[in-house]
Amino acid sequence: MPERNVATWNALVAGLVKGDKLFEALGIFRTMQRDNVGFSWVSLTTVLSVCARLSALSIGKEIHGQIIRSSDCPDILVLNSLLDMYAKCGEIEYCRKVFDKMPIEKDLTTWNILINGYAINGSMNQAITVFERMVEEKFHSDEITFVSLLSGFSRVGMDNEGRILFNRMSLEFGVNPNSDHYACLVDMLGRAGKIEEALGLVKKMPTKPNGSVWGSLLNSCKIYGHVPLAEAIAKTLFEIEPTNSGNYIILSSIYSNAGMWDKVRFIKELMEKKGIKEKDGFSYVQIRGKIYLFRACEGFESFGGSDEFRSKWDELTNEMEKNGVFVRGFNDGTIEWVCGHSERLAMVFGLIRTGDGLPIRITKNIRVCGECLSWMKHASRLTKRKIILRDTNQLHRFDRGNCSCDDYW
Ligand SMILES: [Zn+2]
Ligand SMILES: [Zn+2]
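This is how it looks when you write it as structure tokens:
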């Protein structure tokens, strides 16, 4: 290319992000910095979105510094991605500070990001307060606003509040519920154990229920151990999403919780026959501006200094056992195989590579399992570390043996 400028570099970074090559995108951004290419707000907006996805807080903070030091006034897009990055890294207080001090006018996305930020951090009272202020300031809410609020209510088990809001959506705010909103409500009722009511709602839906609606019902069946209903729902799901491994795995763990081992084997064989592979579970942890990736299947081999790792791992496991915590291991056949448990490897690595008392931030590409949530609680207590773990569904903050979700997940 005869002449490369910031725009061509930006296009390269954006292309990588679009292709899910997040590490490579960060690498190119580093090259831009090293070669003094300069940057535009577009560059920073894109990189902040990568930081949000990887929970790369320290890189995100570094970019915040660049925004502050710049003599130009930042645009709304870069400030919105800054807010989103803080919210998704579990730093909702920082997110709020940036929101309160914005030098330019907020738009609907700004409000939606703050509401969603409180919702994913489990602070639904604050989310509602912000929503009310948004209404007072005459901003029109949209579909996204209500998906954030409803999914937030679902996560914390506030199903009454969620139901009331769902009914107010079109009447008061002129937003007609779409399939995403129905999916949130179905999930909310199912998780609260009101599966009959959730099923009734599915039948009333104006559009044909999609995979995510049935998927959330299947998940509720797992929580409450409803085997026959789960089988009926799985049958529908296998037709709509024949290759989605997640559905087979959930059904299999429902069988395994019920001790129905023949059926567990049957699902495994069915998956093999159809050539469906389990989605690879992996976790990221950021340490001093560098991001490390962990795959459970690689186990302890993922580390150069594996002796140090192994001894830290054993130390923590012994400590847990001494405290009467029985932790099932990686290769125990009874453990749920949906999760991969790579977050435990990431946590121990973070423990070794960060200073005493510093929080450890982990991002996971699939949903964390109950065993790992319980493991993290004990680990946070025994190591006196705060652990911030975000998966595809929600953000968990572990501190002194407790989790911000109060075990409702
Ligand atoms: Zn797990
Ligand atoms: Zn939790």
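All residue numbers for the sequence shown refer to full-length UniProt numbering, where the first residue is 1 and numbers rise by one.
Even for Gly, the Cβ is constructed at its ideal location relative to N, Cα and C.
It should be emphasised that the depicted structure is a prediction, and the values quoted were computed from it without experimental measurement.
Per DSSP, what kind of secondary structure is residue i in: helix, strand or coil?
{"i": "Y284", "result": "strand"}
{"i": "Y408", "result": "coil"}
{"i": "I195", "result": "helix"}
{"i": "D75", "result": "coil"}
{"i": "H64", "result": "helix"}
{"i": "K322", "result": "helix"}
{"i": "H396", "result": "strand"}
{"i": "K274", "result": "helix"}
{"i": "N210", "result": "coil"}
{"i": "F131", "result": "helix"}
{"i": "L389", "result": "strand"}
{"i": "F309", "result": "helix"}
{"i": "residue 469", "result": "No answer is possible for residue 469: the residues shown for the chain start at 1 and end at 409."}
{"i": "L293", "result": "strand"}
{"i": "R381", "result": "helix"}
{"i": "I362", "result": "strand"}
{"i": "C403", "result": "strand"}
{"i": "I254", "result": "helix"}
{"i": "T317", "result": "helix"}
{"i": "R367", "result": "coil"}
{"i": "T8", "result": "helix"}
{"i": "S40", "result": "coil"}
{"i": "D180", "result": "helix"}
{"i": "M102", "result": "coil"}
{"i": "P242", "result": "coil"}
{"i": "C95", "result": "helix"}
{"i": "C372", "result": "helix"}
{"i": "G357", "result": "coil"}
{"i": "N125", "result": "helix"}
In angstroms, rounded to a whole number, what distance separates the CA positions of residue i and residue j?
{"i": "P228", "j": "F153", "result": "28 Å"}
{"i": "L48", "j": "R34", "result": "18 Å"}
{"i": "Y224", "j": "A198", "result": "14 Å"}
{"i": "I233", "j": "V202", "result": "12 Å"}
{"i": "K21", "j": "M85", "result": "18 Å"}
{"i": "N210", "j": "G15", "result": "30 Å"}
{"i": "F398", "j": "E3", "result": "50 Å"}
{"i": "M376", "j": "A25", "result": "30 Å"}
{"i": "G246", "j": "V213", "result": "14 Å"}
{"i": "G350", "j": "I67", "result": "28 Å"}
{"i": "Y408", "j": "R155", "result": "7 Å"}
{"i": "R385", "j": "V285", "result": "14 Å"}
{"i": "S179", "j": "Y292", "result": "37 Å"}
{"i": "T334", "j": "T383", "result": "Confidence is the limiting factor: at T334 the pLDDT is only 43, short of 50, which leaves the residue's position unreliable, though a coordinate-based value still follows. Each residue's alpha carbon lies about 27 Å from the other."}
{"i": "F29", "j": "T45", "result": "12 Å"}
{"i": "N112", "j": "I76", "result": "13 Å"}
{"i": "R69", "j": "V130", "result": "29 Å"}
{"i": "V186", "j": "T109", "result": "26 Å"}
{"i": "I92", "j": "S141", "result": "21 Å"}
{"i": "I360", "j": "S81", "result": "22 Å"}
{"i": "H181", "j": "K208", "result": "13 Å"}
{"i": "E308", "j": "P242", "result": "44 Å"}
{"i": "I144", "j": "K322", "result": "47 Å"}
{"i": "K88", "j": "S220", "result": "25 Å"}
{"i": "P103", "j": "Y94", "result": "15 Å"}
{"i": "G190", "j": "E172", "result": "26 Å"}
{"i": "G275", "j": "F266", "result": "14 Å"}
{"i": "S283", "j": "H341", "result": "9 Å"}
{"i": "R295", "j": "G174", "result": "45 Å"}
{"i": "M347", "j": "C73", "result": "39 Å"}
For residue i, which of the options has the nearest alpha-carbon?
{"i": "A258", "options": "I276, I360, H226", "result": "H226"}
{"i": "E371", "options": "R295, I360, E343, F39", "result": "E343"}
{"i": "K106", "options": "K138, I68, E91", "result": "K138"}
{"i": "R390", "options": "S212, G122, G355", "result": "G122"}
{"i": "H378", "options": "R155, T354, N318", "result": "N318"}
{"i": "W9", "options": "V17, V37, E24", "result": "V37"}
{"i": "C51", "options": "E136, V147, T145, V17", "result": "V17"}
{"i": "M124", "options": "C95, E91, M158", "result": "M158"}
{"i": "G117", "options": "I254, S404, N402, L395", "result": "L395"}
{"i": "L237", "options": "L217, S253, Y255, K222", "result": "L217"}
{"i": "G27", "options": "F309, G289, I360, I352", "result": "G289"}
{"i": "R96", "options": "L114, I128, P103, I366", "result": "L114"}
{"i": "A192", "options": "E161, H181, E172", "result": "E161"}
{"i": "S252", "options": "M134, L57, A230, K273", "result": "A230"}
{"i": "C403", "options": "N393, L373, T392", "result": "L373"}
{"i": "L83", "options": "S71, D72, S55", "result": "S55"}
{"i": "D100", "options": "L79, L316, G65", "result": "L79"}
{"i": "T392", "options": "G19, I120, V6", "result": "I120"}
{"i": "M169", "options": "V135, M188, F146", "result": "F146"}
Does chain D have any CB closer than 9 Å to the CB of residue i?
{"i": "I291", "result": "The structure shown has no chain D; it contains just one protein chain."}
Completely contained alpha helix (DSSP H) runs for the UniProt repeat "PPR" (142-177), where each covers 4 or more residues = 143-156, 159-173
Closer than 5 Å to ligand 2: residues, by C-beta to nearest heavy atom, in chain order = H396, C403, C405
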